[in-house]
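Enquirer: Residue numbers (this note's numbering), protein chains in the order written: chain A, 83 to 403; chain B, 83 to 403.
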DNA sequence: TTGTAAGCGTTATCAC
DNA sequence: GTGATAACGCTTACAA
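Have a look at this one:
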């Protein structure tokens, strides 16, 4: 910047004003811009941030981006931030509470303007001077949470299965015991079944005790004992749905002819091809956009504590029609 | 930091030394550390970077992270960087040459210590003061390129298909006309077929002219005219392989009984479950690790211009055995 | 309207 | 070994 000032024959202050779009004499502006281009000058955002306390960077904290749902979140958050002239720092935690906490710590050293986090740590220490928006996990008011309408999605899944002719349906879920918004999927499903007076069952596997593969044993066991009498299954995630479909197919049970399956997430093959199964689609793009909006909203404490975005059903080959 | 110094009754310089592990009187160290903890003091990395010209941040430039191959790259690069105490800034380009260039520009404003990029822009302007490591695209010496052994992978695919009993094999590929390391997949495949004196054909669809779906027409056309005489297909990507499998299945052609298919990448369902097809697996973790290693190697100009990492074959249901 | 200078939080170079 | 003090590159009153 000093060089630019010298080359343009003006002072630092003038260059600064030009770079920030502050009105300045026309001829000065032209000279400065020419000099800046000539020297290929790039503003140093960190030095600037040192003064302004604005770094135009946001941290995204995720368990990982291996899983398509997470990578889609990251993709859309990154794009939404870029559109606003912000950059994204990515932190991966592997779902470890300790790592999650250390990320929040590290982030503070890095002077970001805010954090968007999908975390599991029950008592994550947030600092009140750093805007934080949570995905799928409700903290407290002052920390807005963005999630899809899990309850509505559960109801929708039941509704679809029953309308597609299922007589006895089931809800399969695995995952942590950590309470989260996703729990509401099951609640909505049960509710809808009850209100329709439909026959249903819930099978819940705790990931910490049983791996997803345990579902195979359960299914085989029930088939052998003749108690596998479902013709419709709602799985808590697409991943589980695809797994269950696989197991059933191996057992000679046809999907969707004998058993229809609906998953949750809206996972597509390679991120953009067909849905991997019939599913309740989370509005990931809107969720990401909403997170960014909330993060930048003037007064985080007067913001809705929970934003619930609408889901929709999508056919993906594991249901009839 | 000023507060810490005051609280500990020492000068700024002393606090700085403590924070940087520079030897200092025992009693002073203890006092400073206590004060720092008390005040929950966090070093400001940007102010530090202003002085040291080291920000402990690296930029990763990718087309997107929607596609499993890209998201896996991002995941491993991020982990490798974290392990070294670095943070990762993610930039998504959508494969647009202009956006790619503007990313490089923006990155310069952000004082990162280096860039890892998977780009398509033929004449991307790099600055020689910023270490750059390229993935899958060779620029020039001074800019190391990391890729998997595409040539060897092509040969391996041909070898596998032929050993598994195929009589006439084909190479299907789509994608840009932009030359890149991935082109060598086809070269290796042809080479191996020739050296084994095997019957083979190459069908290449340029993405800019035809979408992947165009392969459906080609296949249907050949089936109708009775010229679909392959019993083994090597596809340039897993995505294409899965698509081709789908088309064949719709046509009543059985995979792998009638036609065996091998893809390229090593894509797994949900990032960690089974392979989506039989495939040549790219060593993504090693690639990411290598990128980071190279980026931090003392003298980038004296580094190998191209690092080629070994691939391996993995069974994924679309081949026999 | 432009130039000057103080200061953002840190490190590094000195005398002490 | 410790404590002032001058940078680092930028913004922003304030003075010219």
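Just so it is clear, CB atoms sit at the ideal spot from N, CA and C, and this is done for glycine as well.
Can you tell me which of the three DSSP states residue 219 of chain B falls into?
Expert: Stepping through the second chain from its first residue, residue 219 of chain B is reached at position 137. Residue 219 of chain B: coil per DSSP, three-state reduction.
Enquirer: Do residue 366 of chain A and residue 315 of chain A have their beta-carbon atoms positioned less than 8 Å apart in this structure?
Expert: Reading the first chain from its first residue, position 233 is the one you call residue 315 of chain A. Reading the first chain from its first residue, position 284 is the one you call residue 366 of chain A. No, they are not a contact pair.
Enquirer: Are the beta-carbon atoms belonging to residue 304 of chain A and residue 329 of chain A less than 8 Å from one another?
Expert: In the first chain, counting from the first residue as 1, residue 304 of chain A sits at position 222. In the first chain, counting from the first residue as 1, residue 329 of chain A sits at position 247. Contact: no.
Enquirer: What residues in the segment 167–197 of chain A have a beta carbon less than 8 Å from any beta carbon of chain B?
Expert: So the close ones are 169, 170, 171, 172, 173, 174, 187, 188, 190, 191, 192, 193.
Enquirer: What residue does the beta strand (DSSP E) around residue 255 of chain A start on, and which one ends it?
Expert: In the first chain, counting from the first residue as 1, residue 255 of chain A sits at position 173. That run of the beta strand (DSSP E) goes 250–257.
Enquirer: Could you say if the segment 383–399 of chain A and the segment 222–242 of chain A meet the contact criterion of at least three C-beta pairs nearer than 8 Å?
Expert: Yes: at least three Cβ pairs fall under 8 Å.
Enquirer: CA-CA distance, residue 173 of chain A and residue 150 of chain A?
Expert: Residue mapping note: residue 173 of chain A aligns to position 91 of the first chain, counting from 1. Residue mapping note: residue 150 of chain A aligns to position 68 of the first chain, counting from 1. Their Cα atoms are separated by approximately 17 Å.
Enquirer: Spatial neighbours of residue 259 of chain B within its chain, please: C-beta separation below 6 Å, excluding the five flanking residues on both sides.
Expert: What you label residue 259 of chain B is simply residue 177 of the second chain in a count that begins at 1. Result list for residue 259 of chain B: 288, in chain order.
Enquirer: Pull the bridge partners of residue 316 of chain B from the DSSP assignment, please.
Expert: As a working mapping, residue 316 of chain B is identified with position 234 in the second chain. BP columns for residue 316 of chain B point to B/253, B/344.
Enquirer: In chain order, what residues of the same chain lie with their CB nearer than 7 Å to the CB of residue 84 of chain A, ignoring the 5 residues before and after it?
Expert: As a working mapping, residue 84 of chain A is identified with position 2 in the first chain. The answer, listed in chain order, is 94.
Enquirer: Could one say the Cβ of residue 42 of chain A lies closer than 8 Å to chain B's Cβ atoms, at least one of them?
Expert: Summary: the structure shown does not reach residue 42 of chain A, with chain A confined to residues 83 through 403, and so no result is reported for it.
Enquirer: Counting C-beta neighbours from all protein chains within 10 Å, is the total for residue 139 of chain B 16 or more, i.e. buried, or is it exposed?
Expert: The count along the second chain starts at 1 and reaches residue 139 of chain B at position 57. Label assigned to residue 139 of chain B: buried.
Enquirer: Distance cutoff 8 Å, beta carbons only. Does residue 201 of chain B sit that close to anything in chain A?
Expert: Here residue 201 of chain B refers to the residue found at position 119 when the second chain is read from its first residue. So no, residue 201 of chain B is outside the interface.
Enquirer: At the level of alpha carbons, what is the spacing between residue 215 of chain A and residue 152 of chain A?
Expert: Translated into positions along the first chain, residue 215 of chain A becomes position 133. Translated into positions along the first chain, residue 152 of chain A becomes position 70. Approximately 16 Å, taken between the alpha carbons.
Enquirer: If I follow the unbroken alpha helix (DSSP H) through residue 232 of chain A, where does it start and stop?
Expert: The residue given as residue 232 of chain A occupies position 150 in the first chain. 232–245 is the extent of the alpha helix (DSSP H) around residue 232 of chain A.
Enquirer: Please confirm if residue 220 of chain A has its CB atom under 8 Å from at least one CB of chain B.
Expert: Along the first chain, read from residue 1 onward, the residue named residue 220 of chain A stands at position 138. No, residue 220 of chain A lies away from the interface with chain B (no Cβ there is under 8 Å from its Cβ).
Enquirer: I need the boundaries of the beta strand (DSSP E) containing residue 288 of chain B, first residue and last residue.
Expert: Within the second chain, numbered from 1, the residue matching residue 288 of chain B stands at position 206. Per DSSP, residue 288 of chain B belongs to the beta strand (DSSP E) from 281–288.
Enquirer: Using only the alpha-carbon positions, how far apart do residue 313 of chain A and residue 254 of chain A sit?
Expert: Taking the first chain and counting its residues from 1, one reaches residue 313 of chain A at position 231. Taking the first chain and counting its residues from 1, one reaches residue 254 of chain A at position 172. For residue 313 of chain A and residue 254 of chain A, the distance between alpha carbons rounds to 13 Å.
Enquirer: Measure how close the beta-carbons of residue 401 of chain A and residue 342 of chain A come, nearest whole angstrom, since I'm counting them as under 8 Å.
Expert: Counted from its first residue, the first chain places residue 401 of chain A at position 319. Counted from its first residue, the first chain places residue 342 of chain A at position 260. Between residue 342 of chain A and residue 401 of chain A the Cβ distance is about 5 Å, and since that is below 8 Å, they are a contact.
Enquirer: Can you find a C-beta in chain B that's less than 8 Å from the C-beta of residue 137 of chain A?
Expert: As a working note, residue 137 of chain A is residue 55 in the first chain. Closer than 8 Å to some Cβ of chain B, the Cβ of residue 137 of chain A qualifies, so yes.
Enquirer: In angstroms, rounded to a whole number, what distance separates the CA positions of residue 296 of chain B and residue 234 of chain B?
Expert: What you label residue 296 of chain B is simply residue 214 of the second chain in a count that begins at 1. What you label residue 234 of chain B is simply residue 152 of the second chain in a count that begins at 1. Cα-Cα distance, rounded: 28 Å.
Enquirer: Of all the options B/178, B/180, B/186, B/177, which has the alpha carbon lying nearest to the alpha carbon of residue 171 of chain B?
Expert: Taking the second chain and counting its residues from 1, one reaches residue 171 of chain B at position 89. Checked all of B/178, B/180, B/186, B/177; the closest Cα to residue 171 of chain B is B/186.
Enquirer: DSSP three-state call for residue 360 of chain A: helix, strand or coil?
Expert: For the purposes of this step, residue 360 of chain A is identified with residue 278 of the first chain, where counting begins at 1. Three-state result, residue 360 of chain A: coil.
Enquirer: Buried or exposed for residue 116 of chain A, please, with buried defined as at least 16 other CB atoms from any protein chain shown within 10 angstroms of its CB.
Expert: For this step, residue 116 of chain A is matched to residue 34 along the first chain. With fewer than 16 other Cβ atoms within 10 Å, it is exposed.
Enquirer: Taking just the CA atoms, how far does residue 109 of chain B sit from residue 217 of chain B?
Expert: Working through the second chain from its first residue, we reach residue 217 of chain B at position 135. Working through the second chain from its first residue, we reach residue 109 of chain B at position 27. If you take the alpha carbons of residue 217 of chain B and residue 109 of chain B, they lie about 50 Å apart.
Enquirer: Excluding five sequence neighbours on each side, which residues of the same chain lie with their C-beta closer than 8 Å to the C-beta of residue 210 of chain B?
Expert: Within the second chain, the letter at position 128 stands for residue 210 of chain B. Only 224 meet the Cβ criterion.
Enquirer: Which residues bound the alpha helix (DSSP H) around residue 302 of chain A?
Expert: Position 220 of the first chain, counted from the start, is the residue given in the question as residue 302 of chain A. Segment 296–306, the alpha helix (DSSP H) holding residue 302 of chain A.
Enquirer: Considering just the uninterrupted stretch of the beta strand (DSSP E) at residue 389 of chain A, what are its terminal residues?
Expert: As a first step, residue 389 of chain A is located in the first chain; it is residue number 307 there, counting from the start. Here the beta strand (DSSP E) through residue 389 of chain A covers 388–391.
Enquirer: Can you tell me which residues form a DSSP beta bridge with residue 395 of chain A?
Expert: Mapped onto the first chain, residue 395 of chain A falls at position 313. Beta-bridge pairing links residue 395 of chain A to A/362.
Enquirer: For the segment 139–181 of chain B, which segments carrying the alpha helix (DSSP H) assignment without a break, of at least 4 residues, lie completely within its bounds, in sequence order?
Expert: As far as the segment 139–181 of chain B is concerned, its whole alpha helix (DSSP H) runs of at least 4 residues are 150–165.
Enquirer: For my contact list, residue 370 of chain B and residue 90 of chain B are in at a C-beta cut-off of 8 Å; report their separation, rounded to the angstrom.
Expert: By one-based count along the second chain, residue 370 of chain B stands at place 288. By one-based count along the second chain, residue 90 of chain B stands at place 8. Actually they do not touch by this definition, with Cβ atoms about 42 Å apart.
Enquirer: Would you call the segment 183–202 of chain B and the segment 121–137 of chain A in contact, with 3 or more CB pairs under 8 Å?
Expert: Verdict: yes, contact present.
Enquirer: Could you give the C-beta distance for residue 154 of chain B and residue 308 of chain B, rounded to a whole number, given that I count them as a contact under 8 Å?
Expert: Locating residue 154 of chain B in the second chain gives position 72, where the first residue counts as 1. Locating residue 308 of chain B in the second chain gives position 226, where the first residue counts as 1. Residue 154 of chain B to residue 308 of chain B, Cβ: 41 Å. No contact.
Enquirer: Could you check the C-alpha separation between residue 160 of chain B and residue 279 of chain A for me, to the nearest Å?
Expert: Against the second chain, residue 160 of chain B aligns to sequence position 78. Against the first chain, residue 279 of chain A aligns to sequence position 197. Residue 160 of chain B and residue 279 of chain A: Cα-Cα distance of roughly 50 Å.
Enquirer: For residue 362 of chain B, count neighbouring C-beta atoms within 10 Å of its own C-beta (all shown protein chains included) and say buried if the count is 16 or more, exposed if not.
Expert: In the second chain, the residue the question calls residue 362 of chain B occupies position 280. It is buried - the Cβ of residue 362 of chain B has at least 16 other Cβ atoms within 10 Å.
Enquirer: Please compile the residues from chain B whose C-beta is within a distance smaller than 7 Å of the C-beta of residue 147 of chain A.
Expert: Residue 147 of chain A sits at position 65 when you count from the first residue of the first chain. Correct list: 147, 153, 156, 157.
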